[in-house]
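To convert, note that position 2 of the sequence shown is 585 in my numbering; the numbers rise steadily by one, no gaps. We put the CB at the ideal spot given by N, CA and C, even for glycine.
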Amino acid sequence: MHNTESSMNKNMPDISDSIVSGDSDYNAAVDLLNNKNYDESKNKAISANNMHIEERRLEDTCWEAYL
Numbered sequence: 584m585h586n587t588e589s590s591m592n593k594n595m596p597d598i599s600d601s602i603v604s605g606d607s608d609y610n611a612a613v614d615l616l617n618n619k620n621y622d623e624s625k626n627k628a629i630s631a632n633n634m635h636i637e638e639r640r641l642e643d644t645c646w647e648a649y650l
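As structure tokens, this is what we get:
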């Protein structure tokens with residue numbers, strides 16, 4: 584296995600965890616919004632966005648190692 588493949592395999596669990604966390608926070612934000620908990624909904628939406636940003640950063644790191 585090449586170093587780049589090893590690096591990508593190493594980062595895949597982090598990417599997966601980030602996706603799951605972001606999805607969970609997004610769904611929680613929608614539920615809170617539907618229940619008119621606007622401040623909590625905003626915080627969950629921000630958290631989901633932060634997870635999305637982290638997911639993209641990890642993907643970029645994998646591709647940089649691959650290239």
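Cβ of residue i within 9 Å of Cβ of residue j?
| i | j | result |
| --- | --- | --- |
| L641 | D597 | yes |
| A612 | S599 | no |
| S604 | L616 | no |
| I602 | E638 | yes |
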